[in-house]
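Trainee: The structure is given below, and queries will be raised subsequently.
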Amino acid sequence: MLAARLAHGIGIAGAAACVLAAAAIAAQVPAGAASSGTVVSATVPSAITLNDQCGAAAARNIGTVLPGSGGISATGSSVCRFTFSSSNSSSMLRLYQADTSGDAMIANPTSWSELMPNGNPAMRFISGFGSLVYAIPANAGGQTYNWSTDGGATWLTHTPGGAHYPDVSVPSATVAWRFRAGAAQRSNDANANPGPPTWSAVSGNLVGGGTWSGYDGVDAVDYDTAWIVNGSTVYRTINPVAAEPWEPRGTGCTNADQIDALDANTAFTNGSGRICRTTNGNASWTQLTSGIPAGVLITDVAISPQTNTTIWATAANGTVLRSTNNGTNWSSFSLPIQTAPRTMQVISDAELYVAGDDGFVYRTVNSASSWTRIRTAVTSDITGMHVVSASTIVHNTGGSGWFRTADGGVTWTRTAGSTSDTLADLDAVNDDVIVAAKGDGLTYVTTNGGTTWNDRATGFAPDNVRGVAVVDDDTFIAVGDRGNIAITDDAGLTWTQRSSGTTEDLWDVDIDPAGVAIAVGATGTILRSTDGGWNWTTRSSSGNDLRRVVIRPSGLAVAVGLGGAIRRSTDGGVNWTTPTSGTTANLDAIQLPSDTVAYASTAGTLFKSTDAGATWTPITLSNSFRYVAAVNENILYVSRGTQSGWTQVVARSDDGGLTWSNPFSNANPKVRSVLAIDGGRVLFGSWNDWIRITAPATGVSDYGGANTWAAGGMFGACLQDVGGTASIGAWTEDASGTPGRCEASDADPWNAVPIAAVKIAQLASAGTGSVDLVWGMRAPSGQAPATYTAGVVVEAVAPNA
1043 MLAARLAHGI
1053 GIAGAAACVL
1063 AAAAIAAQVP
1073 AGAASSGTVV
1083 SATVPSAITL
1093 NDQCGAAAAR
1103 NIGTVLPGSG
1113 GISATGSSVC
1123 RFTFSSSNSS
1133 SMLRLYQADT
1143 SGDAMIANPT
1153 SWSELMPNGN
1163 PAMRFISGFG
1173 SLVYAIPANA
1183 GGQTYNWSTD
1193 GGATWLTHTP
1203 GGAHYPDVSV
1213 PSATVAWRFR
1223 AGAAQRSNDA
1233 NANPGPPTWS
1243 AVSGNLVGGG
1253 TWSGYDGVDA
1263 VDYDTAWIVN
1273 GSTVYRTINP
1283 VAAEPWEPRG
1293 TGCTNADQID
1303 ALDANTAFTN
1313 GSGRICRTTN
1323 GNASWTQLTS
1333 GIPAGVLITD
1343 VAISPQTNTT
1353 IWATAANGTV
1363 LRSTNNGTNW
1373 SSFSLPIQTA
1383 PRTMQVISDA
1393 ELYVAGDDGF
1403 VYRTVNSASS
1413 WTRIRTAVTS
1423 DITGMHVVSA
1433 STIVHNTGGS
1443 GWFRTADGGV
1453 TWTRTAGSTS
1463 DTLADLDAVN
1473 DDVIVAAKGD
1483 GLTYVTTNGG
1493 TTWNDRATGF
1503 APDNVRGVAV
1513 VDDDTFIAVG
1523 DRGNIAITDD
1533 AGLTWTQRSS
1543 GTTEDLWDVD
1553 IDPAGVAIAV
1563 GATGTILRST
1573 DGGWNWTTRS
1583 SSGNDLRRVV
1593 IRPSGLAVAV
1603 GLGGAIRRST
1613 DGGVNWTTPT
1623 SGTTANLDAI
1633 QLPSDTVAYA
1643 STAGTLFKST
1653 DAGATWTPIT
1663 LSNSFRYVAA
1673 VNENILYVSR
1683 GTQSGWTQVV
1693 ARSDDGGLTW
1703 SNPFSNANPK
1713 VRSVLAIDGG
1723 RVLFGSWNDW
1733 IRITAPATGV
1743 SDYGGANTWA
1753 AGGMFGACLQ
1763 DVGGTASIGA
1773 WTEDASGTPG
1783 RCEASDADPW
1793 NAVPIAAVKI
1803 AQLASAGTGS
1813 VDLVWGMRAP
1823 SGQAPATYTA
1833 GVVVEAVAPN
1843 A
């Protein structure tokens, strides 16, 4: 099967210049007078067009090819046709491989392998009261839980065997509850040291074997009273010893996964565009909407321990909500950065800690009038947090492990031997040398294809590395928080710090073969280097945060970021424009597989450009896929981070986003980033330091001349006809038939699809021409069974040269 859409690019050159100069008229000029001239210029481009008529399946699909035989795409009137023209210039049509390397046709991978499987379990839940803190792994295959009685300074571990309880709630200095689907246990000596604590089963009809979602869907008030939310249903018990039933009640808040209870009567839970409240012990619920943005998911809700009618909430759009009348009305406050808050801890009516995506923690002490950022040593999403004091904070991540600071975030300790983190960015030059960005100033490096991995410290610590660029096998660039930039020329063993000229967080960096590098970051920061990253100048310092950037050898560069921000340069990052993306959602990834086609992505939507990023069209994705990698203009992979139970984490399109398939059956790990590398292979970076790579792609050799059809295996193209006023370029037209009929035979003029662009037709002057192409493949008797695709770029360029 040929890639569904044979991509094309449009090049413009040879524009005419119209110059108007001020005319000089002889006259006497008085002493002391001044004069000047003005040059006015205008550029007239070549009026070049390209019409792709290769969209029909028969024109691009070779179909089933049995081993030892061959097949071709449609000929005659159903052939793959490209029509090109220019009204004011000569022009030509060129063709080349989309990935510009290796065989043009390769097998689509159906499996992946682990380059770095990590054994550290993701920490699902963290809960605490004062100095008593519990952390429980998400891994249902292990029953281990961890607790600390000194605010996370030291940890105790117990593996009791039996069923796994993934959720925990700690309501006092001695009491803890733990929960799993259909069962709950409680302890009255949860602070036992050395322990282990004593756990007693809680009777009653509990959640009936289902599962509740999220990380904070349980809340215990004391040893006798606990609440659970599961979707739109809340369960409460007030005396389990007496077999008090867990009364289920519908709340009207769908997909709720957070609950906070004041006592046996009053509790709040989250929802989409609303918060739900009960004040009569779960007998009935009121839906609260005043001041809450319609349709926005509330991610957490909590009652102030100072004044019980002051309620705080966080929303997925990056805002914090506050009510001073028990939730009847809400006021909205913005965080300094547009990030998704996932968890919070209320200290008082005015003091609040909020944590969320990408390792962010913010604190307010004045009712959200202003915020202070608490720096963390992770790039993972923080999914649970316990504030012991203003200086001591313990949190877990969506990656692995839990982390503690005793100095308000100046330094952090990774406890219980955990070393893994979300891999925030990946880059590679081949299958052997792969570099990932990690928290705590670390890069994660392999130089032998994943056989061994090493943490390489950049010198950023305690600041995070957020972006990496691989120049060659030994030379890497790392960028990170507070404007940090460093370079290594010995594969990460030693690093040289470089001056960036900014203190803004830098999120990504990319470099072209000529050594032009672009780094982007917070507040629209764009930095440019022309010497491989050693010296930097600022090209932009305002606008929405930018998170990802790509630069191509042609000088085309595109950066994307928060609020749908897109920045575009066509001169290697010297000057930048701001195209309209058509969304206000955060854009998470950008790909430029060619100088014509670009892809950007956000949760649930892929944006495609066919004019080098100038304009964009949305493509709706299922399952909230967030990250995109482009093998070429047509073969795409999208991925998302997942939670347990979700089955599809990666999807692939072979036709530029028109249709999608699920190529891998393995639902883990939680894929966070994707990267296409040479030969059509794709890397998947994820939580817990996991890195996977698609299986090596089996290729089909390009057409090699005599006896290739008769005895060998091949993929190639045949020029069936050149029409209009066009003449033949470098290829030979099939002369047999009217028009020509390309056949699966060495007697016909078959050609390999070249790595570098080759002219196949031309117009000597303004006019219109067409090219008819037939695609062919022969499979040797030993060809591995698979679906094979080829990405081919067809472009019209003016003038003809």
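Take 1043 as the starting number for the sequence shown in this note's numbering and just add one per residue. For glycine and all other residues, C-beta sits at the position ideal for the given N, C-alpha and C.
Would E1775 pass as a contact of D1763 if the rule is Cβ separation under 8 Å?
Mentor: Their beta carbons are under 8 Å apart, which means E1775 touches D1763 by this criterion.
Trainee: Can you name the start and end residues of the alpha helix (DSSP H) that W1751 belongs to?
Mentor: Segment T1750 to A1753, the alpha helix (DSSP H) holding W1751.
Trainee: Just to confirm my understanding: we take N1674, look at its own chain, exclude 5 residues before and 5 after, and list those with CB closer than 6 Å. What are they?
Mentor: Contacts found: A1140, D1141, P1635 and G1833.
Trainee: Do you know offhand how far T1125's Cα is from N1093's?
Mentor: Cα to Cα, T1125 sits roughly 5 Å from N1093.
Trainee: With DSSP collapsed to three states, give me the class of P1202.
Mentor: In this structure, P1202 counts as coil in the three-state DSSP scheme.
Trainee: Report the three-state DSSP secondary structure of A1826 (helix, strand or coil).
Mentor: Correct three-state label for A1826: coil.
Trainee: Let me know the secondary structure DSSP gives A1643 once reduced to three states.
Mentor: Note that residue 1643 is Ser in the sequence shown, not Ala. Here S1643 sits in strand by DSSP.
Trainee: Provide the residue(s) that pair with G1758 in DSSP beta bridges, ordered along the chain.
Mentor: Bridge partners of G1758: G1818.
Trainee: Count Cβ pairs between the segment 1127-1140 and the segment 1799-1810 that sit closer than 8 Å; are there 3 or more?
Mentor: Contact holds: three or more Cβ-Cβ distances are below 8 Å.
Trainee: Mapping the DSSP letters down to three states, classify D1258 as helix, strand or coil.
Mentor: The predicted position of D1258 is uncertain, since its pLDDT is 49 and thus under 50; no value can be drawn from it.
Trainee: Quick one: what's E1156 bridged to in DSSP?
Mentor: Per DSSP, R1734.
Trainee: So, helix, strand or coil for L1604, using DSSP?
Mentor: Helix at L1604.
Trainee: Which of the three DSSP states, helix, strand or coil, is assigned to P1555?
Mentor: The answer is coil: DSSP assigns P1555 none of H, G, I, E or B.
Trainee: Which residue wins for smallest C-alpha separation from T1567, given the options P1555, T1580 and V1558?
Mentor: The shortest C-alpha separation from T1567 is found at T1580.
Trainee: Got a sec? Which residues, its chain only, sit under 6 Å from A1607 by beta carbon, not counting five neighbours each side?
Mentor: Here the set comprises N1586.
Trainee: Taking 6 Å as the limit between beta carbons, can you name the residues of its chain near A1466, skipping five residues before and five after?
Mentor: T1421, A1479 and R1508, listed in sequence order.
Trainee: Determine the contact status of W1372 and S1332, defining contact as a CB-CB distance below 8 Å.
Mentor: Contact flag set, yes.
Trainee: Please classify V1081 as buried or exposed, where buried requires at least 16 other C-beta atoms within 10 Å of its C-beta.
Mentor: When all chains shown are included, V1081 counts as exposed.
Trainee: Under DSSP, the alpha helix (DSSP H) around R1694 begins and ends at which residues?
Mentor: Element bounds for R1694: not the alpha helix (DSSP H) but the beta strand (DSSP E), V1692 to S1695.
Trainee: Quick check on the burial criterion: 16 or more other C-beta atoms within 10 angstroms. Buried or exposed for P1555?
Mentor: Classification for P1555: exposed.
Trainee: Exposed or buried, which one is N1676 when buried takes at least 16 other CB atoms within 10 Å?
Mentor: Answer is buried; the Cβ neighbour count reaches 16.
Trainee: Using the C-alpha atoms, what's the distance from V1616 back to A1559?
Mentor: About 11 Å.
Trainee: Check D1469 in the structure and name its three-state DSSP category.
Mentor: Correct three-state label for D1469: strand.
Trainee: Report the start-end ranges of each alpha helix (DSSP H) in the segment 1096-1162 that is 4 residues or longer and not cut off at the edges.
Mentor: Taking only runs of at least 4 residues, the alpha helix (DSSP H) segments lying wholly in the segment 1096-1162 are 1099-1102.
Trainee: Is G1294 near the ligand SAH, with its Cβ less than 7 Å from a heavy atom?
Mentor: Of the ligands one can find in the structure shown there are none, so the ligand SAH has no counterpart to examine.
Trainee: Just reading off the beta strand (DSSP E) that R1479 is part of, what are its end residues?
Mentor: Before going on, a small fix: residue 1479 reads as Ala here, not Arg. Taken as a continuous stretch (DSSP letters only), the beta strand (DSSP E) holding A1479 covers I1476 to A1479.
Trainee: What number of angstroms, rounded off, separates the C-alpha of G1525 from the C-alpha of T1488?
Mentor: G1525 and T1488: Cα-Cα distance of roughly 25 Å.
Trainee: Is it true that the segment 1171-1179 meets the segment 1149-1158, where meeting means three or more beta-carbon pairs spaced less than 8 Å apart?
Mentor: Verdict: no, contact absent.
Trainee: Once DSSP output is grouped into helix, strand and coil, what is the label at R1405?
Mentor: Strand at R1405.
Trainee: With 16 as the cutoff for other CB atoms within 10 Å, does Q1039 come out buried or exposed?
Mentor: Nothing in the structure corresponds to residue 1039, since the chain is present only between 1043 and 1843.
Trainee: Just how far apart, CA to CA, sit T1625 and A1645?
Mentor: Straight-line Cα distance between these residues: approximately 11 Å.
Trainee: Of the choices L1629, D1449 and V1121, whose alpha-carbon is the least far from that of R1589?
Mentor: Comparing Cα-Cα distances from R1589 to each of L1629, D1449 and V1121, the minimum goes to L1629.
Trainee: Identify whether R1524 lies in helix, strand or coil by the three-state DSSP scheme.
Mentor: In the structure shown, R1524 sits in a helix (DSSP, three-state: H, G or I).
Trainee: Considering Cα atoms alone, identify which of D1266, T1240 and V1271 is closest to G1224.
Mentor: For the residues D1266, T1240 and V1271, the minimum Cα distance to G1224 belongs to V1271.
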